[in-house]
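My numbering puts the first residue of the sequence shown at 1, with every later residue one more than the last.
Using N, Cα and C, we set each Cβ at its ideal position, and we do this for glycine too.
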Amino acid sequence: CADAERLLTEYERAFRPTPATRREWALLGAQQGDLAGVEDDLLAGLQRDERDAPAILEALGKGYDAAYRWPEAVLALTRLLDGRPKHVPALLLRGKIEGRLRNLDAAEADLRKAVELAPDRPAARAALADLLNRRGHTRDAIHQYDLSLRAGAATPAVRLGLARALTDAADP
């Protein structure tokens, strides 16, 4: 987001603000959870401009998540996925939110589909591994954590998740 803010600022200094840059500022703010003053305009934009609908829905989904408005986030992401069923970031986010809402079957379905569509994406495998471990599917979780690590996701969260799964499996 910081890079996007910098680039938008530089663009507006060079070429002045335009309706397109104002829309980008609204989308950028919305996806960070700053929905005040832009939410109604973005929702109206969904009615007016189908071309921008995916970007608007993704920003609203992220913004609702950041604002802990999870049911609204699920609705926005579901609408996005209705038009673009292979949108991996939307599948990942909706899967994580469904997990928070304890809709574990729906969460697992979204995360498995994200892994199927983007098998080399470490974040998808790590999210699936977290959910599998939470559901008690320890061996499957260990496998997904291992694949995530091999794909380059050696983050502390992935390592901690793997350690927890190995401990649960009595395999330190």
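> Any idea if E108 is buried or exposed, counting beta-carbon neighbours within 10 angstroms, 16 or more meaning buried?
Replying inline: Classification of E108: buried, given that the 10 Å Cβ count is 16 or more.
>> Suppose contacts are defined by Cβ-Cβ distances below 7 Å. Is A163 in contact with T138 by that definition?
In response: No, Cβ-Cβ distance for A163 and T138 is not below 7 Å.
>> Checking 7 Å against the spacing of the C-beta atoms, do P119 and S148 come in under that value?
In response: no
>> Quick check on P119: does DSSP put it in helix, strand or coil?
In response: coil
> Just how far apart, CA to CA, sit D65 and R13?
Replying inline: 32 Å
> Pick from P89, G83, R112 and A127: whose alpha carbon is nearest that of R100?
Replying inline: Residue A127 is the option with its Cα nearest to R100.
> Between the Cα of R69 and the Cα atoms of A124, V115, A106 and D34, which residue gives the shortest distance?
Replying inline: D34
> Whole-angstrom Cβ separation of L42 and L28, contact assumed at under 8 Å?
Replying inline: Contact annotation, L42 with L28: C-beta distance approximately 12 Å; criterion of less than 8 Å not satisfied.
>> Within a Cβ cutoff of 8 Å, which residues of the same chain sit near R84, ignoring the five residues on either side of it in sequence?
In response: Only P54 and A90 meet the Cβ criterion.
>> One question on the structure: do A20 and V38 come within less than 7 Å of each other, judged by their Cβ atoms?
In response: No, these two residues do not count as a Cβ contact at 7 Å.
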